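Chains as they are written, first to last, in this note's numbering: chain A, 1 to 424; chain B, 425 to 675.
Glycine included, each C-beta is placed from N, C-alpha and C at the ideal position.
Please read all numbers here as calculations on a predicted model, not as lab measurements.
What follows is a single structure, written as structure tokens, with notes after it.
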Amino acid sequence: MISTFFRRDRLLLWGGMLLVGILLPRFSSSGLMISLLCQIGIMMIFALSYNVLLGQTGLLSFGHAIYYGAGAFATMHLLNAIGKEGSVVHVALLPLGGGVAALLLGILLGWVTTKKAGTTFAMISLGIGEMVAASSLMFPVVFGGEAGVSGNRVIDKIGLFGVTFGPQVQVYYLIVAWVFVAAMGMFALTQTPLGRMANAVRDNPERAEFVGYNTQWVRYIMLVLSGFFAGIAGGLTALTYEIVTAETLNAYTSGAVLLMTFVGGIGFFYGPMIGAILIVIMQILVGGITHAWQLYFGLLFLFMVLRAPGGFASLIAIQRRLYAAGLFGRVAPWYLVSGIPGALMLVGLIGLIEMTYAALSDEEGEGAIATIKLLGEDYALNTFGPWLAAAAVTLAGYALLQLANRRLFREWNGALATLQGDND
Amino acid sequence: MTAAIQLQGVTKNFGRTEIIKGVNLTIDRGERHAIIGPNGAGKSTLFHLISSRFPVTAGQIFLKGEEVTGLRPFEINRKGLSRSFQVTNIFHNLSVFENLRCAVLWSLGYKYSFWHRLAGLKDAHHRAEQVMEDIGLSRRHETPAGILSYAEQRALEIGITIASGADVILLDEPTAGMSKSETEDAVALIRRVTEGKTLVMVEHDMGVVFGLADRISVLVYGEIIATGTPEEIRASVAVKEAYLGTSVDHD
Ligand SMILES: Nc1ncnc2c1ncn2[C@@H]1O[C@H](COP(=O)(O)OP(=O)(O)OP(=O)(O)O)[C@@H](O)[C@H]1O
Ligand SMILES: [Mg+2]
């Protein structure tokens, strides 16, 4: 009974996600919106592939971008190679080529990187990542040097049923299809003997060896498969932006996917997808408003590591459990009560950060007095006023938050205790 | 018929200290063999050598007539030797059921498969369920192994060891820390699941040892000072002197 219920639950979830993906452009088809959605889809696949390593096999990689980059470059070269001969069908399938290229790279490099788990793996992945990134600048024929490699995805001007992949929204639908296929593939992987043994190797590699498994093989195959999916994501990047530069495979990209996956939550299959949504929105929307977005991103990451190491997915999972036990109503009002001073503190903090940023940057030119715009008014930053105001708001928010949190945590702990009591 | 396990001059040094000092030991197929000895004698170390958790410093190890010295743990496991640990060694974040299913996957031939659906593997499912019932943990099916009680974890430890159906089983202090009644259950379980198999067991509880073992070896400071039937060991003066640390002649 229970298992059939979960099946249907799961089916609904997948179907619902696909539907949302298909319908989203109907609500807002602005260029910014579509490119935001494209980027989210690509990063969903990339972050899910990263979690095949981190969440499922317990491998912390600092160099996963090499597989993403390999997929991107391979796809771009394939695109340029098929040139006029190809049809839209070829273009739609190209990310698979990117996946295969990354898979081959994984077969080649993975054997070395997966020899050991833990810190050794992390260090070797960093080293190999740097090595590949460095060599990308040494082989301009393959990687295009500083300029990168570009191409044109519209190789088939006639197309099929009007699809040429000229309009960005058509590429978006292609991405939706690939997200669906790749996510299904990676989910299926978690339900296989290898997927389960990867969990076992993550938990206790020693015991895994004593039930017959060579843990290096488990890590190796998982890495190769993870690379494959990262390569698909890379391939989609190539088609979306029609240019691939060395940045796709460097440490910055590797770091971004790590943070995305972690913030989303490595303990749940869908966690990385949530991370992709949040971080891409931050990058593109917040990044469009302020130059300090990376600082906010860093703060968010810090907050998650310290306060919610299970990521957003674990926060959602707890609410779902509370809801199922009929306890959500007990804590929900206190979220609001804490949320208000929390927002106040955040506003003050953002004010401080933005003012510091404005005061320290020299965009206005040497000697000019830095100002900050708030509700259409310019405030000069060489007076104490704005600083004091922002600091006061931050501190007041903080103090009120502490007060509100006391009650929130009491309710919360009470609810959790009831929950645990029910389980026994 | 070849022996299940044969050790020839097996030696192990940790740094300069010789912990196992040229052990020779033959354990026949189908035998239940207990290894006893004082704390720090090297009993666990001997198990680590046989199961290749540690490499030997010198000597040779044969499993069912085949030399296995220097093989990796998983290779030895695949040849039909399975072991438990003195310090519980399970998959903490996986459920009881998943722990046992992981323990049977290789032996059922699923290896590194990513083309089978776990849910569709009836044989793995049944085997795991059956072992779970044997060790009395069916009620704990979905419980993460890490939050089981100590006795339950010890039972799971044995379950993981026997699940694959290996025919040579090494158990390192399976009843340590158990109450009287838990020990009785564990002994009954061990007796049942090692029927027709070779069992080597390190055990401090003499009641368990003399009740279960066909033969006993006494390990003291890395040397086997006596091997024999329970009666022979009980009667041996050398064992009394060395193991009890007293000289029997004095009083
Ligand atoms: N990895 C190691 N490195 C160094 N010394 C070790 C190591 N493992 C064990 N020893 C030492 O080897 C000796 C034998 O240890 P072992 O655990 O085999 O004893 P044991 O007979 O199993 O004892 P117990 O009955 O307490 O379990 C001890 O003196 C121990 O300190
Ligand atoms: Mg021991």
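- Counting C-beta pairs closer than 8 Å gives three or more between the segment 407-414 of chain A and the segment 316-332 of chain A, which meets the contact rule.
- Going by DSSP, Ala482 (chain B) is part of the beta strand (DSSP E) stretching over Ala482 to Leu487.
- A Cβ-Cβ separation of about 17 Å leaves Gly227 (chain A) out of contact with Leu78 (chain A) under the 8 Å criterion.
- Take the alpha-carbon of Ala325 (chain A) and the one of Gln420 (chain A): they are about 11 Å apart.
- Taking each of A:Ala276, A:Ala251 and A:Ser61 in turn and checking the Cα distance to Ala313 (chain A), the smallest one comes out for A:Ala276.
- Assignment of Gln319 (chain A) by DSSP, reduced to helix, strand and coil, places it in the helix class.
- Look at Val263 (chain A): its C-beta is not under 8 Å from any C-beta on chain B.
- Ala200 (chain A) and Ala188 (chain A) do not touch by the CB rule: their CB atoms are close to 18 Å apart, not below 8 Å.
- Residues of the same chain with their beta carbon placed closer than 6 Å to that of Arg410 (chain A) are lacking, with the five preceding and five following residues left out of the count.
- Among the residues of the segment 511-525 of chain B, those with a Cβ less than 9 Å away from any Cβ of chain A are Asn513, Ile514, Phe515, His516, Asn517, Leu518, Glu522, Asn523 and Arg525, in the order of the chain.
- Two segments are said to touch when three or more pairs of C-beta atoms, one from each, lie closer than 8 Å; by this definition the segment 542-549 of chain B touches the segment 521-531 of chain B.
- For Arg507 (chain B), the C-beta contacts it makes with chain A under 9 Å involve Phe210, in order along the chain.
- Pairing Lys436 (chain B) with Ile443 (chain B) gives a Cβ-Cβ distance under 8 Å.
- Residues whose Cβ lies closer than 7 Å to any heavy atom of ligand 2, listed in chain order: B:Lys467, B:Ser468, B:Gln510, B:Asp596, B:Glu597 and B:Val626.
- Considering only B:Ala600, B:Leu613, B:Arg440 and B:Val511, the residue with the shortest C-alpha distance to Gln554 (chain B) is B:Leu613.
- For Ile443 (chain B), the Cβ falls inside the 7 Å cut-off from some heavy atom of ligand 1.
- Here the C-alpha atom of Arg320 (chain A) lies approximately 30 Å from the C-alpha atom of Ala552 (chain B).
- Against chain B, a Cβ distance below 7 Å from Gln191 (chain A) picks out Arg541, Leu542 and Ala543.
- The beta-carbon of Asp9 (chain A) is placed no less than 8 Å from the nearest beta-carbon of chain B.
- Secondary structure at Arg153 (chain A): coil, using DSSP grouped into helix, strand and coil.
- Taking a beta-carbon distance threshold of 8 Å, Tyr67 (chain A) does not count as an interface residue toward chain B.
- Going by beta carbons, Leu400 (chain A) and Pro341 (chain A) fall inside the 8 Å limit.
- Spatial neighbours of Ile372 (chain A) in its own chain (CB-CB distance under 7 Å, excluding positions within 5 residues in sequence) are listed in chain order as Glu354, Met355, Ala358, Tyr379, Leu381 and Pro386.
- Taken atom to atom, the span from the alpha-carbon of Met17 (chain A) to that of Gly97 (chain A) is near 26 Å.
- The beta carbons of Tyr67 (chain A) and Gly231 (chain A) sit closer together than 8 Å.
- Contacts between Ala200 (chain A) and chain B, judged by CB atoms closer than 7 Å, involve Phe515, Leu518 and Cys526 in chain order.
- From the listed residues B:Asp638, B:Asp609 and B:Thr622, the smallest Cα separation to Gly504 (chain B) is found for B:Thr622.
- In chain order, Gly212 make up the part of chain A whose C-beta sits under 7 Å from the C-beta of Ser531 (chain B).
- Scanning B:Glu655, B:Ala659, B:Trp539 and B:His628 for the CA closest to the CA of Gly461 (chain B) turns up B:His628.
- In summary, Ile571 (chain B) is exposed, with fewer than 16 beta-carbon neighbours lying within 10 Å of its beta-carbon over all protein chains present.
- The C-alpha of Gln283 (chain A) lies about 22 Å from the C-alpha of Ser61 (chain A).
- Among the residues of the segment 218-238 of chain A, those with a Cβ less than 8 Å away from any Cβ of chain B are Val218, Ile221 and Leu225, in the order of the chain.
- Per DSSP, Thr651 (chain B) lies in no alpha helix (DSSP H) segment; the continuous beta strand (DSSP E) that holds it begins and ends at Glu647 to Gly652.
- Phe46 (chain A): member of the alpha helix (DSSP H) spanning Gly31 to Thr57, first to last residue.
- Within the segment 561-624 of chain B, the runs of alpha helix (DSSP H) at least 4 residues long that lie entirely inside it are, in chain order, 574-587 and 604-617.
- In chain order, Val244 place their CB closer than 6 Å to the CB of Phe73 (chain A), counting only its own chain and leaving out the 5 sequence neighbours on each side.
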